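Have a look at the structure below, then the notes.
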Amino acid sequence: MRTLLITGPGGSGRTTVAAATARAAAREGIRTLVLGADRGDTLGAALGVPTGPVPVTAGPGITAWRPDPAAAFRADLTAFQERATTVLDLLGAQRLDPEEVTPLPGAEELSLLRALRDAALAERHDLLVVDLPPTHQALALLALPEELRRYLRRLLPPERQAARALRPVLGRLAGVPMPAEWLYDTAARWDLELAAVEAVVNDPGTVVRLVAEPGPAGADAVREAGLGLALRGLRTESLVANRVLPEDGASGPFAELAAQQRKTLAEWQAAGTAVHTVAHLGRDPRGPDDLAALAAPAVNPGRHPVEWPVHDRLADDGVLVWDIPLPGAIRDALDLVRRGDELLVTAGPFRRIVPLPSALRRCTVAGAALREGVLRIRFAPDPALWPRTP
1 MRTLLITGPG GSGRTTVAAA TARAAAREGI RTLVLGADRG DTLGAALGVP TGPVPVTAGP
61 GITAWRPDPA AAFRADLTAF QERATTVLDL LGAQRLDPEE VTPLPGAEEL SLLRALRDAA
121 LAERHDLLVV DLPPTHQALA LLALPEELRR YLRRLLPPER QAARALRPVL GRLAGVPMPA
181 EWLYDTAARW DLELAAVEAV VNDPGTVVRL VAEPGPAGAD AVREAGLGLA LRGLRTESLV
241 ANRVLPEDGA SGPFAELAAQ QRKTLAEWQA AGTAVHTVAH LGRDPRGPDD LAALAAPAVN
301 PGRHPVEWPV HDRLADDGVL VWDIPLPGAI RDALDLVRRG DELLVTAGPF RRIVPLPSAL
361 RRCTVAGAAL REGVLRIRFA PDPALWPRTP
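So that you can map any letter, position 311 of the sequence shown is 311 in UniProt numbering, and since no number is skipped, the others follow by simple counting.
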């Protein structure tokens, strides 16, 4: 199954484009599931069919689903309390009833990630279209599985050495036996669920479609979004320029706006971006006819994974070079920190901690340069760790 993630700046028309994309794919005979996350049923308003926690048929070949984060959070908390019965009893804690539980911040994001995982594992559809939140929230959401798994590995290492050493001390301090095995079992279960979501996000068949209105603000948003997506290793499949005014017929202030849009469109196309324009209908699109009029682009069937290759320049320059594509990055807004077997990369407002490829773990950082949108990091072999040649 292919996955198409749709995001863009707030108010750019992401949900409408997601609905139109799903409709277009279904018309081509592609079994499509469109997944929404808004509390309000904006997806249903665009499709012309109410959506909710139970998947519904929104037309021939198209299913729509909007998970309920409150219900998912209540179910998770109830299950957590059942697994922690012994500890709660020892502490004299009073359990929460499902009816009194309201979702905490982050519950919506976790609910959407779980739905993304479930839809991919079910394999009932050929295409999954995901209506993501605005760009910055979407990037934080997509980073969540990787970051949470890293936290789990650091706080509860699989080898359990830290827990074994601290368990007697913590038990004496708390006055109760510490549930190390239960804690690790829970962490293992979470890690498995997060790994499944991470696999969907990192799959070569998962791509991103950006939505933005052409103009100065849209250009800035697209540039920043492209950088954030590149840092996460996600490929931008296309850019939908939404609400484009006609070249002819615009007068008064609309003529100036149309000229501004054409200028931005020309810049995007000159940069080699795959741009698809969607006309302004003069109204909020609602229902199948309006979605068809938008003429959303077909989904590119290709699988082109983003690669961060390591080049062997040992014979010529005595270094290994790691290429990280970061289109739109600015040299002064870049920062690199090596810590153990990880590299902390900061690019503008975005940050990611990535594990080093195995060969680079035996090297020291010898320098870095940003050239033509690619960050090239040079690594020199550490004589104490690198195998000696006879």
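Just so you know, even glycine gets a beta-carbon here, dropped at the ideal spot from N, CA and C. These figures come from a predicted structure and were not determined experimentally.
Within the segment 100 to 140, the complete alpha helix (DSSP H) segments at least 4 residues long are 107 to 122, listed from N- to C-terminus.
Secondary structure in the segment 7 to 63: the alpha helix (DSSP H) runs of 4 residues or longer, each lying completely within the stretch, are 14 to 27, 42 to 47 in chain order. Residues Leu320, Pro381 of the same chain have their beta carbon placed closer than 8 angstroms to that of Leu314, with the five preceding and five following residues left out of the count. Proximity to Leu121 across Glu198, Gly367, Trp322, Val310 peaks at Glu198, based on C-alpha coordinates. Two segments are said to touch when three or more pairs of C-beta atoms, one from each, lie closer than 8 angstroms; by this definition the segment 35 to 48 touches the segment 6 to 17. If you look at Arg223, you'll find it in the alpha helix (DSSP H) that goes 216 to 231. Its Cα nearest to that of Tyr151, the residue Ala187 stands out among Ala187, Leu142, Thr63, Arg283.
For Ala259, the enclosing alpha helix (DSSP H) covers residues 253 to 270. Arg339 is bridged by DSSP to Glu342.
As computed with DSSP, Thr364 is found in a beta bridge with Ala380. At a Cβ-Cβ threshold of 8 angstroms, Leu127 and Ile30 count as neighbours. Rounded to the nearest whole angstrom, the C-alpha separation of Gly228 and Val201 is 14 angstroms. In chain order, Gln260, Thr264 place their CB closer than 8 angstroms to the CB of Pro216, counting only its own chain and leaving out the 5 sequence neighbours on each side.
Thr7 and Thr42 have their C-alpha atoms roughly 15 angstroms apart. One thing to note: Leu375 has its Cβ within 8 angstroms of the Cβ of Ala368. Annotation for Leu320: no alpha helix (DSSP H) segment contains it, though the beta strand (DSSP E) segment containing it runs 319 to 325. In this structure, the straight-line span from the alpha carbon of Val345 to that of Val354 is close to 8 angstroms.
The C-alpha of Phe350 is placed about 14 angstroms away from the C-alpha of Ile324. Counting along the chain, the unbroken beta strand (DSSP E) around Leu210 starts and ends at 206 to 212. For Asp312, the enclosing beta strand (DSSP E) starts and ends at 310 to 313. With contact defined as three or more Cβ pairs closer than 8 angstroms, the segment 273 to 281 and the segment 231 to 239 are in contact. Arg371 is bridged by DSSP to Val374. Between the alpha carbons of Asp38 and Glu109 lies a distance of about 10 angstroms. Contact between Arg23 and Ala292 holds: CB atoms are separated by about 7 angstroms, below the 8 angstroms threshold.
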